Amino acid sequence: MADDSIAVVDLDSCQPDRCNYECANYCPPNRTGKECITTRGEDADEGDPDQIRISEEICLGETCGICVEKCPFDAIEIINLPQELEDDPVHRYGDNAFSLYGLPAPQEGRVTGILGPNGIGKTTAVRILADEISPNLGAWDDEPDWAAVMDEYRGTELQNYLEDLDEGAVTVARKPQYVDRIPDRFGGNTRELLEHTDERGVLDELVERLSIGPVM
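Mind the numbering: the sequence shown is residues -19 to 196 in our numbering, read in order.
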């Protein structure tokens, strides 16, 4: 496959127990004896169906696209990258999975915004900067330790931020995007949560004005 494209398999959509592996059976490299599209085998989670993986080294890329057309569940996508990426990924979730290239570098006293369409890695970048996940530098199957991460960013704008993050000198606060996950971060009830964030002491006034007393 060309360096400017990647193969993505949506494991939530891949349903090998409901198809005949059309992707593998019609794959041109497979039909010449190569192992381009194979099953995940031992890499699959216990109890999961035998889903596929795609060798990006063997895949012909978007110039072929037969597997994309043959998959009955639209689980395969060949994505052209906007430009050839010579650097290693900051983070990769797995084989034939999403890869993040590049991180914003927060600077003290300045506001850094991250804009872009869905699926480009904004949430992944924020989770790394919030120390919720450690960047694996693309080595998802053999994750590097923090020392290796620091070596990777030594001499860059991110070095100081990551050092402060490691030493606990950075305070991270996040506005939950998914309200159903709030209990994972706060163990109290609704009133206790609002009291925790009531900087102006107007909680009771707002409760009355919004008529939300019954849910408190």
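For every residue, glycine included, the Cβ atom is placed at its ideal position computed from N, Cα and C.
From a predicted model like this one, the values you see are computed outputs, not experimental measurements.
Counting C-beta neighbours from all protein chains within 10 Å, is the total for residue i 16 or more, i.e. buried, or is it exposed?
| i | result |
| --- | --- |
| Gln87 | exposed |
| Arg205 | Not covered by the structure: residue 205. The range shown for the chain is -19 to 196. |
| Asn76 | buried |
| Leu80 | buried |
| Leu61 | exposed |
| Asn5 | exposed |
| Ile17 | buried |
| Pro69 | buried |
| Arg11 | exposed |
| Arg189 | exposed |
| Val91 | exposed |
| Val(-11) | buried |
| Arg180 | exposed |
| Arg20 | buried |
Whose C-beta lies closer than 8 Å to the C-beta of residue i among residues of the same chain, with five residues either side of it excluded?
| i | result |
| --- | --- |
| Met130 | Gln139, Leu142, Glu143, Asp146 |
| His200 | Since the displayed the chain opens at -19 and closes at 196, residue 200 lies outside it and no answer follows. |
| Ala24 | Asp30, Gln31 |
| Val195 | Thr170 |
Taking a contact to mean a Cβ-Cβ separation below 8 Å, would you say residue i touches residue j in this structure?
| i | j | result |
| --- | --- | --- |
| Ala(-13) | Ile46 | no |
| Ala105 | Val152 | no |
| Ser(-15) | Glu42 | yes |
| Pro8 | Cys44 | yes |
| Trp120 | Tyr73 | yes |
| His71 | Ile108 | yes |
| Lys50 | Cys(-6) | no |
Residues in its own chain within less than 6 Å of residue i by CB, not counting five upstream and five downstream?
| i | result |
| --- | --- |
| Pro(-4) | Pro29, Asp30, Gln31 |
| Glu137 | Ala85 |
Spatial neighbours of residue i within its chain, please: C-beta separation below 7 Å, excluding the five flanking residues on both sides.
| i | result |
| --- | --- |
| Lys102 | Ile94, Gly96 |
| Glu132 | Leu117 |
| Leu183 | Leu174, Glu175 |
| Val48 | Ile56, Glu57, Ile58 |
| Trp126 | Ser114, Asp146 |
| Asp67 | Tyr81 |
Inspect the CB distances between the stretch 48 to 62 and the stretch 92 to 104 and report whether three or more fall short of 8 Å.
-> no
For the stretch 92 to 161, which segments carrying the beta strand (DSSP E) assignment without a break, of at least 3 residues, lie completely within its bounds, in sequence order?
-> The DSSP assignment places no complete run of the beta strand (DSSP E) inside the stretch 92 to 161 (cut-off: 3 residues).
Segments assigned alpha helix (DSSP H), at least 4 residues, entirely inside the stretch 155 to 195 | 162 to 165, 170 to 177, 183 to 190
List in chain order: all unbroken alpha helix (DSSP H) runs of 4+ residues lying wholly within the stretch 0 to 81.
-> 2 to 6, 8 to 11, 46 to 50
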